[in-house]
Amino acid sequence: MLRRTLAAALGAALLLPNTPVRAHDYTLGDLRIGHPWTRATAGTGGSGGGFLTIRNTGTLPDRLLRAESPAAGVVELHTHINDQGVMRMRPVPDIPIPPGAEVTLAPGGLHVMFINTRQRFDRGGRVPVTLVFERAGRIEVELAVEAAGARAGGHHGH
Numbered sequence: 085m086l087r088r089t090l091a092a093a094l095g096a097a098l099l100l101p102n103t104p105v106r107a108h109d110y111t112l113g114d115l116r117i118g119h120p121w122t123r124a125t126a127g128t129g130g131s132g133g134g135f136l137t138i139r140n141t142g143t144l145p146d147r148l149l150r151a152e153s154p155a156a157g158v159v160e161l162h163t164h165i166n167d168q169g170v171m172r173m174r175p176v177p178d179i180p181i182p183p184g185a186e187v188t189l190a191p192g193g194l195h196v197m198f199i200n201t202r203q204r205f206d207r208g209g210r211v212p213v214t215l216v217f218e219r220a221g222r223i224e225v226e227l228a229v230e231a232a233g234a235r236a237g238g239h240h241g242h
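For the sequence shown, the numbering used here gives the first residue as 85, with consecutive numbering after it.
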């Protein structure tokens, strides 16, 4: 009976989609970077967005100055603005991270913008990114690649 139960569980696990098993988080000084993710892309030469949360557990402010990645020709920090009823993306010079606060980079808001992608972002894969902060310095993270239409990272409930 135990063998059949284990075999059934293993078979069911093999049928699950290729998604991250658990959320991935990073720490850099007082900053906690929660589950960086992106969406799958169809090919190269296009664009994509990077999303994550940054919690400042310290007493001093910090700022995300830039992001870098070998996966794109250009990487910028962006936001969405309402321009006469039309939502448009615009670069921002930096993203403030106040002490004791959490800042969310998410679809429809602040995000990392990948322009002229050099590789496909395949679901289940990872995209390397270096985040550069004014106080905390640099940290290399990996963005988990979710489905092309994902509205939030697939880490919920993991």
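Glycine is no exception: its CB is placed at the ideal position from the N, C-alpha and C atoms.
Local conformation of residue 234 per DSSP, three classes: coil
Would you report the Cα separation of residue 186 and residue 124, rounded to the nearest angstrom? 26 angstroms
Candidates 147, 133 and 132, of which the one nearest residue 221 by Cα: 147
So, under 8 angstroms CB-CB, residue 211 and residue 122 are touching, yes? Tell me the CB distance rounded to an integer number of Å. 6 angstroms
Can you list, in chain order, the stretches of the beta strand (DSSP E) that have 3 or more residues and sit fully within the region 149 to 196? 156 to 167, 170 to 175, 179 to 181 and 186 to 189
Against chain D, does residue 181 count as a neighbour if the rule is that its beta carbon must be under 8 angstroms from one of theirs? Considering every chain present, this structure includes no chain D. It has just one protein chain.
So is residue 197 buried or exposed if we call it buried at 16+ other beta carbons inside 10 Å? buried
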